[in-house]
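Q: The structure follows.
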Amino acid sequence: MAKKPRVKLPKKAKAGDMIQVKTLASHKMETGNRKDKKGNTIPRLILNKFTCTFGGKEVFSADMHPAVSANPYIAFFITATASGTYEFTWTDDAGKSMSVSKDIAVS
Amino acid sequence: MTFKKTAITAGLIAGFGLIAAACTQQKEEHMGMGHPYGDEVWSGYATATPETRAMQDDDFENPFMPYVDVAAEIYDSPQGEANKSCADCHGAPDDAEGGPMGIPMKGVGARYPIYDAEMHRPINVELRVNRCRTKYQKAKPFKYESDELLGMTGLVVMQSRGMPRVTTADQVGDELYPAWLQGKAFYYQRRGQLDLACKHCHEDNAMNMVRAELLSQGQSNGFPTYRLKWQKPGSLHRRFRGCNKNIRSIPFAYGAEEYLNLETYLAWRGKGLPVEGPSVRK
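Here the protein sequences line up with chains A and B, keeping their order.
Counting from 342, one number per residue, gives the positions in the first sequence under this note's numbering.
Counting from 192, one number per residue, gives the positions in the second sequence under this note's numbering.
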């Protein structure tokens, strides 16, 4: 069963405030460096891209590489400007992506 | 001269004999005596780095939680031929009344492993969850160490967080007493190519370094745990198997009686420690 990524950010904020966003995605992050019992390389399968958009505009993004641990935890700060929806997307090597959206009320 | 030498040698031998006898006696006394740590019982939390502790303290950062989320869905959804969910009998995981069956999940993590009258041996949370699945839900049991079972164990144990662990397994006459004795024997039994017993690391050398690792008391109050080295959650039996492999001995199977006995004994060694599971360790 696919595990949903977890995202935490404040529900309310004042305009101009720095808010902390915490994200935790669930992924095996197979590095591509491991071998199975027969000696064959296990193909790489990691989340390689994380983006956070606000109203269709990218506000934060990260490229991930094989050294990133399984179930990557990413925390960052953004400036709250207006009420709206933040969209968080993780994309893996197979092109599959998972996304979560969170609303914020800015006063 | 020769006589003198012989006398000295004889004296030395006698001396060593005495020391050896004293050591054996001391060991036996120790094994028979009360709690091996006295009042100095501490959780593996004490050996964790501040960063790891922060991960455990914040439920959001705790990487175990996605597994618990999945388990919470399974908990609420009907399973197996009986088409019953966990919640149908036990209520919500945090329900203090414990639903129609009156068995709340709170407190389970603090008192397990308990005596199982059907199998005449201790039973832990993992096996108990699977018992419910096969017996009442008529569903397939989860594979030991599968994501679902780990998550479910985490979900159940989590309800007892902060509660002190209780056990009466060390009392003569307690149903768990035979298992406790066997677990104790296991704990002090040297095994493997390195010829080490659990006690050599976790009793004699707790808080000392073994190469780059800081040794803990080997307490079980944080399990199931998310281990950063494993990059996923793990059960107590996985930890036992890891320990056994490290000392070059053949590990027992998941859910083996030897490990259940040891689990019973460890619960007593960590009596009074707060339940921490699901914890995070390096």
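Where is the CB? At the ideal position from N, CA and C, for every residue including glycine.
Using a Cβ-Cβ distance under 8 Å, would residue 333/B count as near chain A?
A: Residue 333/B sits at position 142 when you count from the first residue of the second sequence. Cβ-Cβ to chain A under 8 Å: no for residue 333/B.
Q: Under 9 Å between beta-carbons, which chain A residues line up against residue 256/B? List them in chain order, please.
A: Locating residue 256/B in the second sequence gives position 65, where the first residue counts as 1. Per Cβ cutoff of 9 Å: 347 and 365.
Q: Taking only beta-carbon atoms, is residue 414/A less than 8 Å away from chain B?
A: On the first sequence, position 73 is the one that residue 414/A refers to. Yes, contact with chain B.
Q: If I measure Cβ to Cβ from residue 438/B and keep anything under 6 Å in the same chain, skipping five residues before and after, which residues do I get?
A: Start at 1 with the first residue of the second sequence, and residue 438/B comes out as number 247. Cβ within range, chain order: 383, 385 and 387.
Q: Per DSSP, which one or two residues make a beta bridge with residue 359/A?
A: Your numbering for residue 359/A matches position 18 in the first sequence. For residue 359/A, the beta-bridge partners assigned by DSSP are 420/A.
Q: From what residue to what residue does the beta strand (DSSP E) around residue 389/A run?
A: In the first sequence, the residue the question calls residue 389/A occupies position 48. Where residue 389/A is concerned, the enclosing beta strand (DSSP E) stretches over 388-395.
Q: If you follow the beta strand (DSSP E) that residue 403/A is part of, which residue opens it and which one closes it?
A: Here residue 403/A refers to the residue found at position 62 of the first sequence. Counting along the chain, the beta strand (DSSP E) containing residue 403/A begins and ends at 398-404.
Q: My understanding is that residue 245/B touches residue 313/B, with C-beta atoms under 8 Å, so please give their C-beta distance in whole angstroms.
A: Here the question's residue 245/B lines up with position 54 in the second sequence. Here the question's residue 313/B lines up with position 122 in the second sequence. Incorrect: roughly 34 Å between the Cβ atoms, too far for contact.
Q: Is the beta carbon of residue 467/B closer than 8 Å to that of residue 315/B?
A: As a first step, residue 315/B is located in the second sequence; it is residue number 124 there, counting from the start. As a first step, residue 467/B is located in the second sequence; it is residue number 276 there, counting from the start. No, the pair does not count as a contact, with Cβ atoms beyond the cut-off.
Q: Quick one: list the residues of chain B neighbouring residue 403/A, beta-carbon separation under 7 Å, in chain order.
A: For the purposes of this step, residue 403/A is taken as the residue at position 62 of the first sequence. Residues of chain B passing the Cβ test: none, with the nearest at roughly 17 Å.
Q: Determine the DSSP secondary structure at residue 202/B, reduced to helix, strand or coil.
A: What you label residue 202/B is simply residue 11 of the second sequence in a count that begins at 1. Unreliable positioning characterises residue 202/B in this predicted model, as indicated by a pLDDT of 48, which lies under 50. The coordinate reading is nonetheless provided below. If DSSP states are grouped into helix, strand and coil, residue 202/B belongs with the helices.
Q: Between residue 356/A and residue 414/A, what straight-line distance do the alpha-carbon atoms span, to the nearest angstrom?
A: Position 15 of the first sequence, counted from the first residue, corresponds to residue 356/A. Position 73 of the first sequence, counted from the first residue, corresponds to residue 414/A. Roughly 26 Å between the two C-alpha positions.
Q: At a CB-CB cut-off below 7 Å, which residues of chain B make contact with residue 411/A?
A: Against the first sequence, residue 411/A aligns to sequence position 70. The contacting residues are 422 and 423.
Q: Please report the residue range of the beta strand (DSSP E) in which residue 471/B lies.
A: Within the second sequence, residue 471/B is the residue found at index 280, counting from 1. Counting along the chain, the unbroken beta strand (DSSP E) around residue 471/B starts and ends at 470-472.
Q: Here's the rule I'm using: 16 or more other beta-carbon atoms within 10 Å means buried, otherwise exposed. How should residue 347/B be labelled?
A: Residue mapping note: residue 347/B aligns to position 156 of the second sequence, counting from 1. With 16 or more other Cβ atoms within 10 Å, it is buried.
Q: Decide if residue 240/B is buried, meaning its Cβ has at least 16 other Cβ atoms within 10 Å, or exposed.
A: In the second sequence, the residue the question calls residue 240/B occupies position 49. The residue in question, residue 240/B, is exposed, as its Cβ has fewer than 16 Cβ neighbours within 10 Å.
Q: If you drop the 5 nearest sequence neighbours on each side, which residues of the same chain put their C-beta closer than 6 Å to that of residue 463/B?
A: Mapped onto the second sequence, residue 463/B falls at position 272. The answer, listed in chain order, is 355.
Q: Between residue 366/B and chain A, is the shortest Cβ-Cβ distance under 8 Å, so that the two count as touching?
A: Counting from one through the second sequence, the residue named residue 366/B turns up at place 175. Taking Cβ atoms only, chain A never reaches closer than 8 Å to residue 366/B, which makes this a no.
Q: With a threshold of 6 Å on Cβ separation, who are the neighbours of residue 415/B within its own chain once the five nearest residues in sequence on each side are excluded?
A: Your numbering for residue 415/B matches position 224 in the second sequence. If we look at residue 415/B and ignore the five residues flanking it on each side, its Cβ neighbours are 341, 344, 345, 424, 426, 468 and 469.
Q: Less than 6 Å between C-beta atoms, sequence neighbours within five positions excluded: which residues of the same chain meet that for residue 432/B?
A: As a working note, residue 432/B is residue 241 in the second sequence. Cβ neighbours of residue 432/B beyond the five flanking positions: 442.
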